[in-house]
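Structure first, then comments.
Below, the structure is given as structure tokens:
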């Protein structure tokens, strides 16, 4: 990772924290990870060190000396916004002692997610569109089956988070599979098997 970058690494375990803090986080360059998390990139912040779980469970900091994978090079979705400064309030959180991240509203290491704001709903809709685009734009020889499986895994996380009904996920994924030609090539039975496998794998990976 280049020194002029500082990265906030949110794993799937950190999704509740991410939802809770979504409105407070500035818009900056971001990309999804293969595990279904998200990387937020900021300008380098002097004095900020790499840390693991200080902000919250599943939320790490990659600063000077840290290493991350640039997942867009692997075909995963990204948002190419200009880099912004690391927020001051997040600097305070990152300076907590190791393992002293917020425990959440229930005090037991989890969060009680707030009612979704208009901005968070728009963020969910935008993420859904990005995921579907990955499948819809896939062509023969471009890993259509793998991308459909990946999209089903991502949708399963949204189902687990309570922001997407499973029936809607199935409908959207089948529609995207038709657009990219997966159904025409492999048939509806195989398409549904791939979707079911991705949804099941994603659900099993939930903490």
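Residue numbers (the numbering used here): 315 to 521. The beta-carbon is built from N, C-alpha and C at its ideal position, and this holds for glycine as well. Note that the coordinates shown come from a computational prediction; the quantities given were computed from them, not determined experimentally.
According to DSSP, residues forming a beta bridge with residue i
i	result
residue 323	353, 374
residue 392	345
Backbone CA spacing between residue i and residue j [nearest angstrom]
i	j	result
residue 352	residue 323	6 Å
residue 359	residue 390	26 Å
residue 452	residue 463	12 Å
residue 333	residue 326	11 Å
residue 412	residue 475	In this prediction, residue 412 has a pLDDT of 45, which is less than 50 and means its spatial position is unreliable; what the coordinates show is noted afterwards. C-alpha separation (whole angstroms): 27 Å.
residue 396	residue 321	14 Å
residue 494	residue 460	12 Å
residue 408	residue 329	17 Å
For residue i, the three-state DSSP class (helix, strand or coil)
i	result
residue 450	helix
residue 344	strand
residue 359	coil
residue 476	coil
residue 330	helix
residue 367	strand
Pair within 8 Å by beta-carbon distance, residue i and residue j
i	j	result
residue 338	residue 393	no
residue 513	residue 491	no
residue 400	residue 341	no
residue 375	residue 362	yes
residue 445	residue 465	yes
residue 487	residue 509	yes
residue 370	residue 403	no
residue 354	residue 319	no
residue 496	residue 458	yes
Rounded Cβ spacing between residue i and residue j (contact assumed at less than 8 Å)
i	j	result
residue 516	residue 471	6 Å
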